[in-house]
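Take a look at the structure set out below.
2 protein chains.
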Amino acid sequence: MELLENEIRKNGQVLDGGVLKVDNFLNHQIDPKLMQELGNEFARLFQNTGVTKILTVETSGIAPAVFAGLELGVPVVFGRKNKSLTLQDNMYTTNVYSYTKQVSNEISISKDYLSTDDKVLLIDDFLANGQAIAGLLSLCKSAGANVVGIGIVIEKSFQKGRRWIEETGIPIESLARIASLENNEVVFVGEDTKNVE
Amino acid sequence: MELLENEIRKNGQVLDGGVLKVDNFLNHQIDPKLMQELGNEFARLFQNTGVTKILTVETSGIAPAVFAGLELGVPVVFGRKNKSLTLQDNMYTTNVYSYTKQVSNEISISKDYLSTDDKVLLIDDFLANGQAIAGLLSLCKSAGANVVGIGIVIEKSFQKGRRWIEETGIPIESLARIASLENNEVVFVGEDTKNVE
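Rendered as structure tokens:
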């Protein structure tokens, strides 16, 4: 998605260790107009999948997920990283390790909001090793819900998440695919001279 | 806002201890269409304040804030509850105690996204004792930013936050105002026989 690639080129910062910082429009400051465009694109890509619910995980997946949900006419549920007093029992729970934050989070979702009747579209902001997606898939499996697609805002195609998801057979669409962050420079898939796919 | 009051009547659950659970449409499952309506209402209420930025705190304030930002044409920044590796230095930080979760969170915002030039609209999902709003005001004060308004989705008018904010002189608008949750029943301001204001 050219609009997103341009935004990443303009405002993304590559930190050492292969970290892409997009705090300017997605992970800390949010550009609502861009989120609407991303959400509409997810809705277009997955419009024929019969999706009944979008599942994401707090925090940065929520904005694009909500716009996709608006366009598709379905609710959004976000997995919670900490249990609150108002959400104690009746939960599906799994563990997700975040390389960026170097912590393991318990992610929970209420059994009230995920069931065997659901056709679920997973949406997340980043795909690297696929830990968050694996956690969301695990929650859907616990609920007996059918995952009809996976939508990612920014995919680090040089990490193992993409390949692993393709092996599950679940359709995946990433709006920006990054082939390399070497030398602190963003190279998108298709721009690289050698084919990383 | 009648639409929101109806949603609370229909889907809100009052737990013991004066906790209103609205996980069905705001705090866990999100109703995108309702969030758009809430965002548009905030935009209408604060359209003449010259707002340049919306500030909220993760997680549940983000959806209504992003729709308000879309309508007002301004970016949204959310205060982060945990510092990540990509956000370490260059932060304004304050502490906020959550009665619901019974934990104290450090909330941070990058100095890049809040400055003396900003006219800030604060948006949050709940107002009870006003701890989160006090934290956001503190961050704005640190940045020298001017707070032009405070928008709340659901206000517990029987707790002390509203009165405390009114004393600051900052305009506040709450889309639903709850006078009482006694006997596990939701009574909105205006519906109560005795005047709580």
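One line per chain: the protein sequences are W and E, in this order. The first sequence begins at 1 in our numbering and counts up one residue at a time. The second sequence begins at 1 in our numbering and counts up one residue at a time. Every residue, glycine too, gets a C-beta built ideally from N, C-alpha and C. All values derive from a computational prediction rather than experimental measurement.
Straight-line CA distance for residue i to residue j?
i	j	result
residue 196 of chain W	residue 172 of chain E	Residue placement at residue 196 of chain W cannot be trusted, given a pLDDT of 47 that sits under 50; what the coordinates show is reported in the next sentence. Computed Cα separation, rounded: 53 angstroms.
residue 178 of chain W	residue 21 of chain W	13 angstroms
residue 107 of chain E	residue 130 of chain E	15 angstroms
residue 58 of chain E	residue 78 of chain E	6 angstroms
residue 36 of chain W	residue 3 of chain W	12 angstroms
residue 167 of chain E	residue 137 of chain W	48 angstroms
residue 182 of chain E	residue 128 of chain E	15 angstroms
residue 100 of chain W	residue 15 of chain W	11 angstroms
residue 150 of chain W	residue 12 of chain W	23 angstroms
residue 162 of chain E	residue 9 of chain W	43 angstroms
residue 186 of chain W	residue 140 of chain E	33 angstroms
residue 135 of chain W	residue 189 of chain E	42 angstroms
residue 19 of chain W	residue 103 of chain W	16 angstroms
residue 97 of chain W	residue 191 of chain E	48 angstroms
residue 159 of chain E	residue 148 of chain W	44 angstroms
residue 48 of chain W	residue 180 of chain E	45 angstroms
residue 174 of chain E	residue 144 of chain E	25 angstroms
residue 66 of chain W	residue 55 of chain W	10 angstroms
residue 90 of chain E	residue 109 of chain E	9 angstroms
residue 45 of chain W	residue 176 of chain W	14 angstroms
residue 169 of chain E	residue 105 of chain E	26 angstroms
residue 24 of chain E	residue 34 of chain E	12 angstroms
residue 30 of chain W	residue 95 of chain E	23 angstroms
residue 72 of chain W	residue 52 of chain W	9 angstroms
residue 6 of chain W	residue 155 of chain W	15 angstroms
residue 164 of chain W	residue 164 of chain E	52 angstroms
residue 111 of chain E	residue 146 of chain E	15 angstroms
residue 142 of chain W	residue 115 of chain W	9 angstroms
residue 62 of chain E	residue 184 of chain E	28 angstroms
residue 1 of chain E	residue 17 of chain E	25 angstroms
residue 80 of chain E	residue 157 of chain W	27 angstroms
In three-state terms, what does DSSP make of residue i?
i	result
residue 177 of chain E	strand
residue 108 of chain E	strand
residue 196 of chain W	Low local confidence applies: a pLDDT of 47 at residue 196 of chain W is under 50, so the model's placement there is unreliable, with the coordinate-based value given in what follows. Three-state DSSP puts residue 196 of chain W in coil, outside helix and strand.
residue 18 of chain W	coil
residue 66 of chain W	helix
residue 185 of chain W	coil
residue 72 of chain W	helix
residue 5 of chain E	helix
Would you list the one or two residues that DSSP bridges to residue i?
i	result
residue 92 of chain E	E:109
residue 103 of chain W	W:98
residue 119 of chain W	W:146
residue 80 of chain E	E:108
How close, in whole Å, do the beta carbons of residue i and residue j come, if the pair is a contact with beta carbons under 8 angstroms?
i	j	result
residue 32 of chain W	residue 69 of chain E	4 angstroms
residue 39 of chain W	residue 64 of chain W	5 angstroms
residue 42 of chain E	residue 133 of chain E	In fact, because the Cβ distance is near 15 angstroms, the residues do not count as touching under 8 angstroms.
residue 28 of chain W	residue 113 of chain E	6 angstroms
residue 26 of chain E	residue 153 of chain E	7 angstroms
residue 60 of chain W	residue 125 of chain W	4 angstroms
Any chance the CB of residue i is under 7 angstroms from a heavy atom of the ligand HEM?
i	result
residue 35 of chain W	You won't find the ligand HEM in this model; it holds no ligand whatsoever.
Compare the C-beta of residue i with all C-beta atoms of chain A and state if any pair is closer than 8 angstroms.
i	result
residue 171 of chain E	Within the model displayed, chain A is absent; protein chains W and E are what it includes.
So within the stretch 122-181 of chain W, which uninterrupted alpha helix (DSSP H) runs reach at least 4 residues, ignoring any that extend past its ends? 131-143, 161-168
Which runs of the alpha helix (DSSP H), 4 residues or longer, sit entirely within the stretch 25-58 of chain E? 32-45
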